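Each remark here refers to the structure printed beneath this line.
There are 2 protein chains.
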Amino acid sequence: METTRINLQSKSLVRTAALAKAIGHPVRIAILQFLSGRDVCICGDITDVIPLAQSTVSQHLKVLKEAGLIKGDVEGVKTCYCLNRDGLREFEQLFSSLFSELNSPDSGNCC
Amino acid sequence: METTRINLQSKSLVRTAALAKAIGHPVRIAILQFLSGRDVCICGDITDVIPLAQSTVSQHLKVLKEAGLIKGDVEGVKTCYCLNRDGLREFEQLFSSLFSELNSPDSGNCC
DNA sequence: ATAATTAATCGTAATTTTACGATATATAAA
DNA sequence: TTTATATATCGTAAAATTACGATTAATTAT
Chain P
0 METTRINLQS KSLVRTAALA KAIGHPVRIA ILQFLSGRDV CICGDITDVI PLAQSTVSQH
60 LKVLKEAGLI KGDVEGVKTC YCLNRDGLRE FEQLFSSLFS ELNSPDSGNC C
Chain C
0 METTRINLQS KSLVRTAALA KAIGHPVRIA ILQFLSGRDV CICGDITDVI PLAQSTVSQH
60 LKVLKEAGLI KGDVEGVKTC YCLNRDGLRE FEQLFSSLFS ELNSPDSGNC C
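Here the protein sequences line up with chains P and C, keeping their order. Mind the numbering: the first sequence is residues 0 to 110 in numbering that gives the first Met the number 0, read in order. Mind the numbering: the second sequence is residues 0 to 110 in numbering that gives the first Met the number 0, read in order.
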């Protein structure tokens, strides 16, 4: 048969999956959307609009930050969160290349 | 303050998150890529190229199928899996509108 | 100096995910 | 009919996720 095993450790594979996982929750997408709708860095207002405990929102923010999708700057007693443009760009690129791969003409359509 | 609570049950929000979650694992992305690289419907060859137990691969296939990203047709003793074009299109659309939302000009870039 | 405020972190419980081997089921081959 | 094959499902264990309230740490206000 001689089928080559797939390398599950491929950099872009792992990174794409991690980014997808990071936005794989309604609350986290909502946070990104909320941040995008502001031209000023908002901070803990996020907690006000998300109907969850402060600690839970903080956890979701951490996930987004660790995935590189948002940035957070401490400003006094508050923390200023905003979108991470670089992370979003990377995300968009990885996804568009994934989609173009999945849409390649040699992809069958038998079912 | 008068801040409007975010509706976390929004159809597209929930659906986008579910799709993202479905591809939020390297194995599942690898399966999609493998399926796209074939012009014939392959079946259990997936199990051969993924270095995981058959039952585990089957579970991942189920996740992808339930998310509407692949289709599976039983053909005799084998099962023929292939990409679900409609699901992928939907995915692409939801993601592109999410990205354009996140890239809107009024989105701040203060950090 | 003390009190109030913001937000992260801790501890915890409930649920979900991921992986495995074993088993069941259904078809095809002998 | 019996045997082999492919694949789904079951049972289970370990780990991760999600949510919460309580606490802590840091800063600002009194």
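C-beta: ideal position from N, C-alpha, C; glycine also. Because the structure is a prediction, the values reported are computed rather than measured.
Please look up how many angstroms separate the CB atoms of residue i and residue j, rounded, as I've assumed it's under 8 Å.
i                   : j              : result
phenylalanine 33(P) : valine 48(P)   : 6 Å
leucine 31(P)       : leucine 101(C) : 6 Å
proline 50(P)       : arginine 37(C) : Not really, about 45 Å apart at Cβ, beyond 8 Å.
Can you give me the Cβ contacts of residue i inside the same chain, cut-off strictly under 8 Å, excluding the 5 residues immediately before and after it?
i              : result
cysteine 12(P) : It should be noted that the sequence gives leucine, not cysteine, for residue 12(P). If we look at leucine 12(P) and ignore the five residues flanking it on each side, its Cβ neighbours are Asn6.
serine 103(C)  : none
leucine 87(P)  : Leu68
Is it buried or exposed for residue i, if we count other Cβ within 10 angstroms and need 16 for buried?
i               : result
alanine 29(P)   : buried
threonine 15(C) : buried
alanine 52(C)   : exposed
serine 35(P)    : buried
proline 25(C)   : buried
glycine 75(C)   : exposed
Using a Cβ-Cβ cut-off of 7 Å (strictly less than) and excluding sequence neighbours within five positions of residue i, which residues of its own chain qualify?
i                : result
arginine 27(C)   : Ala21, His59, Val62, Leu63
asparagine 83(P) : Gly67, Leu68, Ile69, Lys70
aspartate 85(C)  : none
cysteine 81(C)   : Leu34, Cys40, Ile69, Lys70
leucine 97(P)    : Thr15
What residues of chain C sit near residue i, judged by a beta carbon separation below 9 Å?
i              : result
threonine 3(P) : Val48
Starting from the C-beta of residue i, find all residues in its chain whose C-beta is less than 6 Å away, skip the five residues before and the five after it, and write them out in chain order.
i                   : result
phenylalanine 90(C) : Leu18
methionine 0(P)     : Reliability of the predicted coordinates at methionine 0(P) is poor, the pLDDT of 44 falling under 50, and no value is obtained from them.
aspartate 72(C)     : Cys79
threonine 46(P)     : Gln53, Val56
Handout entry: Proximal residues, the region 58-90 of chain C versus chain P, C-beta separation under 7 Å
Key = Residues passing the 7 Å Cβ filter: Lys70, Asp72, Cys79, Cys81, Leu82, Arg84, Leu87.
Problem - Interface positions of the region 9-33 of chain C facing chain P (Cβ-Cβ less than 7 Å), listed along the chain - result: Against chain P - using a Cβ distance shorter than 7 Å - the residues of the region 9-33 of chain C are Leu12, Val13, Thr15, Ala16, Ala19, Lys20, Ile22, Gly23, His24, Pro25, Val26, Ile28, Ala29, Leu31, Gln32, Phe33.
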